[in-house]
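Number of protein chains: 4
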Amino acid sequence: MVWIDVNDSTPIYEQIVNQFKNLIASGVLTTDEKIPSVRNMAMELSINPNTIQKAYAELERQGYIYTVKGRGNFVSQAEKLAKLKTQEVLEHLESVAQEAEKSGMEIKQLIDYLESR
Amino acid sequence: MVWIDVNDSTPIYEQIVNQFKNLIASGVLTTDEKIPSVRNMAMELSINPNTIQKAYAELERQGYIYTVKGRGNFVSQAEKLAKLKTQEVLEHLESVAQEAEKSGMEIKQLIDYLESR
Amino acid sequence: MVWIDVNDSTPIYEQIVNQFKNLIASGVLTTDEKIPSVRNMAMELSINPNTIQKAYAELERQGYIYTVKGRGNFVSQAEKLAKLKTQEVLEHLESVAQEAEKSGMEIKQLIDYLESR
Amino acid sequence: MVWIDVNDSTPIYEQIVNQFKNLIASGVLTTDEKIPSVRNMAMELSINPNTIQKAYAELERQGYIYTVKGRGNFVSQAEKLAKLKTQEVLEHLESVAQEAEKSGMEIKQLIDYLESR
DNA sequence: GTGGTCTAGACCACC
DNA sequence: GTGGTCTAGACCACG
Numbered sequence: 108m109v110w111i112d113v114n115d116s117t118p119i120y121e122q123i124v125n126q127f128k129n130l131i132a133s134g135v136l137t138t139d140e141k142i143p144s145v146r147n148m149a150m151e152l153s154i155n156p157n158t159i160q161k162a163y164a165e166l167e168r169q170g171y172i173y174t175v176k177g178r179g180n181f182v183s184q185a186e187k188l189a190k191l192k193t194q195e196v197l198e199h200l201e202s203v204a205q206e207a208e209k210s211g212m213e214i215k216q217l218i219d220y221l222e223s224r
Numbered sequence: 108m109v110w111i112d113v114n115d116s117t118p119i120y121e122q123i124v125n126q127f128k129n130l131i132a133s134g135v136l137t138t139d140e141k142i143p144s145v146r147n148m149a150m151e152l153s154i155n156p157n158t159i160q161k162a163y164a165e166l167e168r169q170g171y172i173y174t175v176k177g178r179g180n181f182v183s184q185a186e187k188l189a190k191l192k193t194q195e196v197l198e199h200l201e202s203v204a205q206e207a208e209k210s211g212m213e214i215k216q217l218i219d220y221l222e223s224r
Numbered sequence: 108m109v110w111i112d113v114n115d116s117t118p119i120y121e122q123i124v125n126q127f128k129n130l131i132a133s134g135v136l137t138t139d140e141k142i143p144s145v146r147n148m149a150m151e152l153s154i155n156p157n158t159i160q161k162a163y164a165e166l167e168r169q170g171y172i173y174t175v176k177g178r179g180n181f182v183s184q185a186e187k188l189a190k191l192k193t194q195e196v197l198e199h200l201e202s203v204a205q206e207a208e209k210s211g212m213e214i215k216q217l218i219d220y221l222e223s224r
Numbered sequence: 108m109v110w111i112d113v114n115d116s117t118p119i120y121e122q123i124v125n126q127f128k129n130l131i132a133s134g135v136l137t138t139d140e141k142i143p144s145v146r147n148m149a150m151e152l153s154i155n156p157n158t159i160q161k162a163y164a165e166l167e168r169q170g171y172i173y174t175v176k177g178r179g180n181f182v183s184q185a186e187k188l189a190k191l192k193t194q195e196v197l198e199h200l201e202s203v204a205q206e207a208e209k210s211g212m213e214i215k216q217l218i219d220y221l222e223s224r
């Protein structure tokens, strides 16, 4: 369900965070569903438990999951989260749009690219 | 012409690189134009010359400027570079598009956003 | 495994880069093998860590190694790199060939030299 | 007869030295022929006379030209110089050969390349 | 004055 | 522990 790419320069914990956000936003993980424990996840990916811990803490901070001590980590209300993620993607899109403008491109070029994909 | 944002977590040298790439791509800096010397730039921004050095080395590596020892740094053929930068922006756009798909969004949402800007 | 020659006018970081490229191309270092950490290398050669850093950054840029933050630097797919290095050597050979022609020599002289080595 | 390439990272004075060495070795310039004065050369190439001075000094040091105060600079015995240059080229070839061996290549590959040019 | 390299020492993010 | 960035200050080659 989740995997890591050591060749990718983005921090491992961040790779994990991103993948969970995608899984939740796309509906693969549903509201109140339990996600793997820190230990299991660490063993499965054979990485340091601290790294998983950090990823889960970040997911909780951003509101994607909630923690119940002694029971595990669970997905928050997924419908709301989909909107959250959508907004985040649009913010990234906004960044690209601004980058394009700063370098003298027209927004139309971006639209053309998306349509021709 | 160029400034740095200490609150921005991206490395200073990278901020400088990006700004020069934009200035060149947008035609503000023209072919063979001299850019500020390492020392002047460092004093103006009150940061260490080594940091500017690193930024300029990266710009040269990416082909945006060329260096003449003892004389300074100069803008490469700007027309070609604009295309280079355009391609780079489209790659960033592609990343966002893939991120959108992974989280269950439709590309149309992105196009809508761009058109309504 | 690696050493530096202070009498050599080529920059220290470049000497290190070249030696690693040779070690990788010749198969002494194999795919995914870990190379010494920046700090260890610096202590062993008793030079500044920044210089090693620069060398490793250059090796990564040229695709010979990849970096995992917090873990270290590792050799990329060595088989492909051997071809890369071969191509580089042939480019150097081409330079010599052109130099020979400019100064009125015959290519045959070069071949004779290589055969009589 | 001689020109400089500012985009080339090799020092200007060295570019001039190399070109004269080639012109002499290939017989374009003959024994005791006068070469342009420092001033003329500097004006023609629109560069600093000091740079030409440095180039001529280097050529004299290597035995390619000799200076007569108040009269100018002249080409040394060209036949000997051709051999000198030949030897230099072979030394460069030797460097490439050693580089090839260090990276696990066969000398035959170099010969093949030269023959197929 | 220009860029290029190196040292010494520090701080941060990541694992 | 790892690599990445930055500062401060120095020396060299080049023009």
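Residue numbers (our numbering), protein chains in the order written: chain A, 108 to 224; chain B, 108 to 224; chain C, 108 to 224; chain D, 108 to 224. Where is the CB? At the ideal position from N, CA and C, for every residue including glycine. It should be emphasised that the depicted structure is a prediction, and the values quoted were computed from it without experimental measurement.
Can you tell me where the alpha helix (DSSP H) holding residue i begins and where it ends?
i       : result
N180(A) : Here N180(A) belongs to no alpha helix (DSSP H); instead the beta strand (DSSP E) covers 179-182.
Y120(A) : 119-132
P143(B) : No alpha helix (DSSP H) contains P143(B), which DSSP labels as neither H nor E.
L191(D) : 185-209
D219(A) : 214-222
Q160(C) : 156-168
Enumerate in chain order the residues of its own chain whose CB-to-CB distance from residue i is below 8 Å, with the five nearest sequence positions on each side excluded.
i       : result
S144(A) : G179, N180
D112(D) : Q122
N114(C) : none
I154(D) : I111, I119
Cutting at 6 Å between CB atoms, please list the residues of its own chain near residue i, excluding the five before and the five after it.
i       : result
I142(D) : N180
I159(B) : V145, M148, A149
L130(B) : L136
Y120(A) : T158, K161, A162
K187(D) : none
S211(B) : In the sequence under discussion, the amino acid at residue 211(B) is Gly, which differs from the Ser named in the question. Same-chain partners within the cutoff: there are none.
Tell me the residue span of the beta strand (DSSP E) that contains residue i.
i       : result
V175(A) : 172-175
Which residue wins for smallest C-alpha separation from residue i, given the options the options?
i       : options                            : result
A204(C) : S116(C), V196(C), K192(C), L217(C) : L217(C)
Y171(A) : Q122(A), D139(A), K209(A), H199(A) : D139(A)
Q194(A) : I119(B), E206(B), M108(B)          : E206(B)
S116(D) : Y220(B), K187(B), V196(B), G177(B) : G177(B)
R224(D) : R224(C), V182(C), S202(C)          : S202(C)
V196(C) : S183(D), E213(D), L197(D), K187(D) : E213(D)
Do residue j and residue i have their beta-carbon atoms positioned less than 8 Å apart in this structure?
i       : j       : result
T137(B) : A185(B) : yes
E165(B) : V124(B) : yes
K215(C) : S133(D) : no
Y220(C) : L221(D) : no
For residue i, which residues from the same chain have a beta carbon less than 7 Å from its beta carbon, with the 5 sequence-adjacent residues on both sides left out?
i       : result
Q174(A) : Checking the displayed sequence, the identity of residue 174(A) turns out to be Thr instead of Gln. So the list reads E167, N180, once near-sequence residues are dropped.
T128(C) : At residue 128(C) the sequence reads Lys, which differs from the Thr that was named. Y171, K192.
Q126(D) : V109
P156(A) : V145, R146, A149
- Please name the residues in the region 179-198 of chain B whose beta-carbon is closer than 8 Å to at least one beta-carbon of chain A, in chain order. Using a CB distance below 8 Å, the part of the region 179-198 of chain B facing chain A consists of A189, K192, T193, V196, L197, ordered along the chain.
- Message: What are the residues in the region 162-174 of chain C lying within 9 Å of chain A by C-beta distance?
- Response: Answer set for the region 162-174 of chain C: Y173, T174.
- Message: Counting only Cβ-Cβ distances shorter than 8 Å, please list the residues of the region 127-139 of chain C near chain D, keeping chain order.
- Response: Residues K128, N129, A132, S133, G134.
- Item | Residues in the region 206-219 of chain D having any Cβ partner in chain C nearer than 8 Å | Listed by position along the chain: E206, A207, K209, S210, G211, M212, I214, Q216, L217, I218.
- Item | Contacting positions in the region 139-157 of chain C - beta carbon closer than 8 Å to chain D | For chain D, none of the residues of the region 139-157 of chain C brings a beta carbon within less than 8 Å of one of its beta carbons.
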